[in-house]
Amino acid sequence: MQITADTLDLKPPRTSRWSMPLVLALAAHALLIGALTWGVHWKTDAEPVSFDVELWSAVAQRAAPRAVEPPPPPPVREPKIKPEPKPEPKPEPKPEPKPEPKVEAPEPDTRAADIATAQAKKKKLEDQKRAADEKAEKARKDKAEKDKAEKAEKAEKAKQERLDKEKEKETKLADQQRKADDKAKREQQAAAATEKLRAENMRRMMGQAGATGDANATGTAQRSSGPSSSYAGRVNAAVRPNVLWTEDTPGNPKAEIEVRSAPDGTIISRRLDRSSGNAAWDKAALAAIDRTGKMPRDVDGRVPSQLTIVMRPRD
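For the sequence shown, position 182 matches number 181 in numbering that gives the first Met the number 0, and the numbering has no gaps at all.
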């Protein structure tokens, strides 16, 4: 007989050591599934359904003996649960008597009071404003009066100072005038005394010399005669060194001064007979005469009692 590759291997499978545990595990799982299924449907009276499980493996194995299904356990009776006793119904509370509705008194009409309050408040504000305005006006008037009084006081003080200065000036001028008058009076008295003395001397001399001139003649000779031609040079030489003048005066102004002298040459008085037109030069010329003090004698030893000296800045 010819053996080919297609020939089935009819030899019994080799026994494996894992076959028995595998079968037992499968059986246990099957039982567990059946128990769960029965437990879900325990209230039903249907008969349990049995089924066969056929397992195949890649290796041919010997079938295990069919498991004997245990009888289903008797149905477990649920213990009767005693119903809980119903609680006794609580007595319904007696309805509280409804309070009688309060009759609200009508609200008093406060409009008149509000108006009076507003008017009083307005009047108070107006009084405060009026008082503030009066206070400010009084302060303004007081300040104006104070400023006016201070201004008047300053004006009065300035006026008094001006009057005092004017009075002082007038007093000073009056004193200067009084001194000038006293000096002029003394000079006049001295001139009169000198003239009287000269006249007496002339009369005495004329009486002794048998002069024929008038007693009122001013000369000492038998007849009147004037100063010599060289006397002007002598006077200029005596007066010029006493002139103090450093100003540059335009032109050469001429001042004519009348000088009265005593017989010994002492200057009794001097006055400005004709001004030069320059007050400063006139004053300087008079001051030079005062510094000279005494006129020089003429060639005959006499001093003219009166003569006019002409003075210029550039002489």
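Cβ coordinates follow ideal geometry from the N, Cα and C atoms, glycine included.
| query | result |
| --- | --- |
| Same chain, Cβ closer than 7 Å to Arg259, five either side skipped, listed in chain order | Ala190, Ile267, Ser268, Ser304 and Gln305 |
| Rounded separation between Thr291 and Ala231 - CA only | 15 Å |
| Host alpha helix (DSSP H) of Ala237 (start-end) | Tyr230 to Val238 |
| Close beta carbons around Lys137, own chain, < 8 Å, minus the five adjacent residues each side | none |
| Cut-off 6 Å between Cβ atoms - residues of its own chain near Asp281, not counting five sequence neighbours on either side | Ala254, Leu271, Ser274 and Ser275 |
| beta-carbon Pro303 near the ligand NAD non-hydrogen atom, thresh 6 Å | Absence of the ligand NAD from the depicted structure is noted, as is the absence of any ligand whatsoever, leaving it without description. |
| Candidates Thr245, Thr307 and Ala261: closest to Arg313 by CA position | Thr245 |
| Other residues of its chain near Ala131: CB distance less than 8 Å, five sequence neighbours each side excluded | none |
| Straight-line Cα distance separating Glu167 from Glu160 | 10 Å |
| Helix, strand or coil at Leu243 according to DSSP, with G and I counted as helix | coil |
| Closest residue to Ile288 among Leu25, Glu257 and Ala117 (Cα-Cα distance) | Glu257 |
| Counted within 10 angstroms of its Cβ, other Cβ atoms place Val238 as buried (16 or more) or exposed | buried |
| Within 7 Å, strictly: CB atoms of Ser227 and Asp174 | no |
| CA-to-CA distance, Asn277 to Val302, given in whole angstroms | 30 Å |
| Distance between Glu144 and Thr116 (C-alpha atoms, nearest Å) | 42 Å |
| Val258 in three-state terms, based on DSSP | strand |
| Leu285 to Ile308 span [Cα, whole Å] | 10 Å |
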